[in-house]
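Participant: Below is one structure. I have some questions about it.
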Amino acid sequence: MAALAQDIDSHITSTPDNFKIKEVESLQDFIDYGNVMASVFETFDEEAVIFYKTIGGCYKKDPDVTMFVGYINKNPVAICFCIKTDEIGGVYDIVTNPDFQKKGIGTFMTKITIKHLKREKCHVIGMQASHEGIGIYKKLDFINFGEFKVYSNKHMII
1 MAALAQDIDS HITSTPDNFK IKEVESLQDF IDYGNVMASV FETFDEEAVI FYKTIGGCYK
61 KDPDVTMFVG YINKNPVAIC FCIKTDEIGG VYDIVTNPDF QKKGIGTFMT KITIKHLKRE
121 KCHVIGMQAS HEGIGIYKKL DFINFGEFKV YSNKHMII
């Protein structure tokens, strides 16, 4: 999905109660990011936490990559990140802990990320949308340009 930045609705009408968002900077931020990512797997994915803890320990900030964690009452509940190159931005990993879904948090995180990319002078913004999120992105005026399939052999792992 993609859209011209000027066509995307990034207007924020309200903030979820007790919600704070911050840019990932510290090792703890990376651990929080990993915990939210792991929360959406049917069985909590410890490898995701280990992965983000590992990269958090050696991460060097890239000015073209920004990662965000959203907190409610200091508990990490949502994540997203964006990448920009020239005047094109991408929005990825829009994830909300299942206990906090259907409360507008994913939409809020998406709009914050879009606002960030607009400030960074991106004129086109794209993303990969999951089946669960496609309706939200269409409401924000993203256009679907095709589909992709994800193949996995996870069921074969013992």
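All residue numbers in the sequence shown are consecutive under UniProt numbering, ending with 158.
Cβ coordinates follow ideal geometry from the N, Cα and C atoms, glycine included.
Note that the coordinates shown come from a computational prediction; the quantities given were computed from them, not determined experimentally.
Does the beta-carbon of residue 159 have 16 or more other beta-carbons within 10 angstroms, so that it is buried, or is it exposed?
Facilitator: A question about residue 159 goes unanswered here, because the residues of the chain that appear run from 1 up to 158.
Participant: Could you check if I83 belongs to the surroundings of the ligand MN, using beta carbon to heavy atom distance under 6 Å?
Facilitator: Summarising the ligand content, the structure contains no ligands, and the ligand MN is consequently not present.
Participant: In this structure, does DSSP put C82 in helix, strand or coil?
Facilitator: Position 82 of the sequence shown holds residue 82. DSSP places C82 in strand when its eight states are reduced to three.
Participant: What's the gap between the Cα of I12 and the Cα of K111?
Facilitator: The residue labelled residue 12 in the question sits at position 12 within the sequence shown. The residue labelled residue 111 in the question sits at position 111 within the sequence shown. C-alpha separation (whole angstroms): 7 Å.
Participant: Quick one: residues in its chain with C-beta nearer than 7 Å to the C-beta of I94, no 5 flanking neighbours on either side, listed in chain order?
Facilitator: What you label residue 94 is simply residue 94 of the sequence shown in a count that begins at 1. These residues qualify, in order along the chain: C80, G106, M109, T110, G133.
Participant: I want to know whether the stretch 3–21 touches the stretch 56–71 - three or more CB-CB distances under 8 Å.
Facilitator: By the criterion of at least three beta-carbon pairs nearer than 8 Å, the stretch 3–21 is in contact with the stretch 56–71.
Participant: Using only alpha-carbon positions, find the residue among F44, A78, D7, P98 that is nearest to D92.
Facilitator: Mapped onto the sequence shown, residue 92 falls at position 92. According to the sequence provided, residue 92 is Tyr. The question's Asp does not apply to it. Nearest option by C-alpha distance: A78.
Participant: Just the Cα atoms here: how many angstroms apart are F30 and N73?
Facilitator: Residue numbering aside, residue 30 sits at position 30 when the sequence shown is read from its first letter. Residue numbering aside, residue 73 sits at position 73 when the sequence shown is read from its first letter. When rounded, the distance between both Cα atoms is 18 Å.
Participant: Three-state secondary structure (DSSP) at A129?
Facilitator: Mapped onto the sequence shown, residue 129 falls at position 129. The answer is coil: DSSP assigns A129 none of H, G, I, E or B.
Participant: Skipping 5 residues on each side, what residues in its chain have a beta carbon closer than 8 Å to that of I88?
Facilitator: Position 88 of the sequence shown, counted from the first residue, corresponds to residue 88. C122, H123, V124, I125, G126, listed in sequence order.
Participant: For M67, which residues does DSSP report across the bridge?
Facilitator: Taking the sequence shown and counting its residues from 1, the one referred to as residue 67 is at position 67. For M67, which the question treats as bridged, DSSP gives the partners F81.
Participant: So what's F142 in DSSP terms, helix, strand or just coil?
Facilitator: Position 142 of the sequence shown, counting from 1, holds the residue named residue 142. Correct three-state label for F142: coil.
Participant: So who's on the other strand from T96, going by DSSP bridges?
Facilitator: Position 96 of the sequence shown, counted from the first residue, corresponds to residue 96. In DSSP, T96 forms a bridge with A78.
Participant: Compute the Euclidean distance between the alpha carbons of P98 and E25, then round it to the nearest angstrom.
Facilitator: Translated into positions along the sequence shown, residue 98 becomes position 98. Translated into positions along the sequence shown, residue 25 becomes position 25. Approximately 24 Å, taken between the alpha carbons.
Participant: Hey, would you say Y33 sits closer than 7 Å to Y52, going by beta carbons?
Facilitator: For the purposes of this step, residue 33 is taken as the residue at position 33 of the sequence shown. For the purposes of this step, residue 52 is taken as the residue at position 52 of the sequence shown. For Y33 and Y52, yes; Cβs fall inside 7 Å.
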